[in-house]
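K.L.:
Here's a structure for you.
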């Protein structure tokens, strides 16, 4: 006798875009409260979708005064992740659109992630877990020239690229370039080997991504506009919430330090600096993405107090899968 098959509803969405078939694709599988999946089943589902990440969304807990609380699991095709940017933003959007409450918490392996759904703008935002650390070491001249970048890229790197960790075990080398033309010429990342980074934020075998960026200026409302590309190994990502949060935190600290240095002694300032960013990514791979971040920095300690990440999401497919 064949075992009973369970039908699970799923949707796929494109995150950080208002246009289908752009942004970063995500599958979200809804699991009813009365049903459980094994770790092996969850991993198999992620492998079947074959996207960068798949979310297993468990039926939400009862609403309380703080809004929705909903547990999720995040899977790549080969492993589970405690947290990732575009899966939580995509999930927040789905929960906000489908529920009576526009705020709540997504329960991840990394902890509770507060989220907000803006119905007027049709955008979702999450608070990013962070322990941001700027490493003492920068990428030196010799390491840059041995990285295998095209000559156009080498000739147009601004300053010494910094290594920054958003949390322990997730580090990015941030490389500023002078123009969009140079950004389009990027065809590889920094592979290492690397030594001299600060423990415990980086250790051999943990994630080291390369995030290239160009400053496009400041919008009328003060938002900083950036164009970016993120490459790990041989793969380019259309939208990377963790990298965008890392770069935003790093630049917000530098901007706060500069603002304080330029303040006159009698100028009244608040204890907190708030900087907003718009980051465009995925253009050169045909999946244009627009990520929004807001960073709050303590002016006294120059430490990041909060990072909010979000943007638009659009539904692409829906259906059922058999387990």
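Numbering (the numbering used here), first residue to last: 268 to 590. Beta carbons are placed, not taken as given, at the ideal position from N, Cα and C, and that holds for glycine.
Can you tell me which of the three DSSP states residue 229 falls into?
P.N.:
Only positions 268 to 590 of the chain appear in the structure, and residue 229 is not among them; the question remains open.
K.L.:
Within a Cβ cutoff of 7 Å, which residues of the same chain sit near residue 366, ignoring the five residues on either side of it in sequence?
P.N.:
335
K.L.:
Where residue 447 and residue 571 are concerned, what is the direct C-alpha to C-alpha distance, given to the nearest angstrom?
P.N.:
The alpha-carbon of residue 447 is positioned some 29 Å away from that of residue 571.
K.L.:
Note down the Cα distance separating residue 513 from residue 588, rounded to an integer number of angstroms.
P.N.:
36 Å
K.L.:
Beta carbon of residue 342, beta carbon of residue 387: below 7 Å?
P.N.:
no
K.L.:
At the level of alpha carbons, what is the spacing between residue 409 and residue 440?
P.N.:
15 Å
K.L.:
Would you kindly check if the distance between the Cβ of residue 544 and the Cβ of residue 523 is under 7 Å?
P.N.:
no
K.L.:
Have a look at residue 289 and residue 296 and give me their C-alpha separation to the nearest angstrom.
P.N.:
21 Å
K.L.:
Per DSSP, what are the beta-bridge partners of residue 545 in this structure?
P.N.:
492 and 559
K.L.:
Going by the beta-carbon positions, is the gap between residue 400 and residue 432 smaller than 7 Å?
P.N.:
yes
K.L.:
With C-beta atoms as the reference, is residue 562 less than 7 Å away from residue 574?
P.N.:
yes
K.L.:
Out of 449, 508, 577 and 521, point me to the one whose CA is closest to residue 540's CA.
P.N.:
521
K.L.:
What's the C-alpha gap between residue 463 and residue 404?
P.N.:
6 Å
K.L.:
Per DSSP, residue 341 forms a beta bridge with which residues?
P.N.:
According to DSSP, residue 341 bridges with 322 and 348.
K.L.:
Output the boundary residues of the beta strand (DSSP E) element that contains residue 416.
P.N.:
Here residue 416 belongs to no beta strand (DSSP E), and DSSP marks it neither H nor E.
K.L.:
Could you name the residues of the same chain whose beta carbon sits closer than 6 Å to that of residue 555, not counting the 5 residues immediately before and after it, in chain order?
P.N.:
289 and 549
K.L.:
Mind checking residue 527: buried by the 16 CB within 10 Å criterion, or exposed?
P.N.:
exposed
K.L.:
DSSP three-state call for residue 587: helix, strand or coil?
P.N.:
In this structure, residue 587 counts as strand in the three-state DSSP scheme.
K.L.:
Looking at residue 450 and residue 416, is the spacing between their C-beta atoms short of 7 Å?
P.N.:
The Cβ atoms of residue 416 and residue 450 do not sit closer than 7 Å to each other.
K.L.:
When DSSP labels each residue in this structure, what does residue 518 get in the three-state scheme?
P.N.:
helix
K.L.:
For the beta strand (DSSP E) holding residue 475, just list the boundary residues, first then last.
P.N.:
474-485
K.L.:
Look up residue 438 in the DSSP assignment and say whether it is helix, strand or coil.
P.N.:
strand
K.L.:
Among 558, 412, 384 and 517, which residue has its Cα nearest to the Cα of residue 224?
P.N.:
Outside the shown range of the chain (268 to 590) lies residue 224, about which nothing can therefore be said.
K.L.:
To the nearest angstrom, how far is the alpha carbon of residue 362 from that of residue 518?
P.N.:
31 Å
K.L.:
What residue range is occupied by the uninterrupted beta strand (DSSP E) comprising residue 383?
P.N.:
378-385
K.L.:
Using the Cβ count rule (16 or more neighbours within 10 Å means buried), how would you classify residue 380?
P.N.:
buried
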